[in-house]
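Have a look at the structure below before the remarks.
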Ligand code: URA
Ligand code: SF4
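Residue numbers (my numbering): 170 to 429.
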């Protein structure tokens, strides 16, 4: 799929989400929040569901938790626009209550389809409900900061899932904020490990359209992307520009992440 096709496919899903009435959450929403970000990214962040501000704007993570997420991304040299950000439920639960299991189930096909289209190397779960979707039965206090292979039935065909606490929990508890900073610092190396795993599984990044991806450079990107701050350890998440044997610090990272 080309980037344009991916963008069109994501927009088609978003259009369905905006008029969806598949669960009771549609009754109280102002605007549904399909998600946003780069259609060519390798990394998808999945939160819980829209809050007050997200519901008004129709965009994910635009309130205080969103500001913290943006700061956390910045701490590894990434920008929101480099990744895709969405939620397990696309409409705001009343009073910000937890989404109910039947609501999560009703909304799951949208997330699965988004992940099929994006086919990321890495899915980062934010909070318990997102964790429950990708690592059923796992306890966030035990698995945050760790990765495991994603179930292809959830959409991504060859991805790692990396668990983090929800930024809203970090806003309430300084120790959780500290853990979020530590965990986010491991995300670029986890992406490198995820890329290496895809390569060694004989899967390149999504099929290149036109020029072969290994030949792509920053100059092939939009001026906006090219201008982004240099990432520390790993290039910002985009289509995998590195050859399978690329100089990403994947091996040490993969060793440290003895999780899969
Ligand atoms: N919390 C979430 O889980 N998602 C959002 O989009 C905003 C806050
Ligand atoms: Fe549809 Fe999901 Fe909104 Fe429920 S939460 S109405 S399933 S888009």
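For each residue, glycine too, the CB sits at the ideal point set by N, CA and C.
- Put simply, of 315, 301, 322, 343 the residue whose alpha carbon is nearest the alpha carbon of residue 215 is 301.
- Residue environment analysis places residue 347 among the exposed positions, since fewer than 16 neighbouring C-beta atoms fall within 10 angstroms of its C-beta.
- Sorting 176, 171, 201 by C-alpha distance to the C-alpha of residue 185 places 201 at the top.
- For residue 266, there is no enclosing beta strand (DSSP E), as DSSP marks it with neither H nor E.
- Within the stretch 211 to 253, the complete alpha helix (DSSP H) segments at least 4 residues long are 221 to 226, 233 to 243, listed from N- to C-terminus.
- Secondary-structure assignment with DSSP links residue 277 through no beta bridge to anything.
- Distance from the C-beta of residue 335 to the nearest heavy atom of the ligand URA is below 7 Å.
- In this structure, the CA atom of residue 266 is about 10 Å from the CA atom of residue 218.
- According to the DSSP assignment, residue 198 belongs to no alpha helix (DSSP H), since it is labelled neither H nor E.
- Just so you know, the alpha carbons of residue 296 and residue 358 end up roughly 21 Å apart.
- In the assembly as shown, residue 255 is a buried residue. Its beta-carbon has 16 or more other beta-carbons within 10 Å.
- Taking a C-beta distance under 8 Å as the contact criterion, residue 292 and residue 325 qualify as a contact pair.
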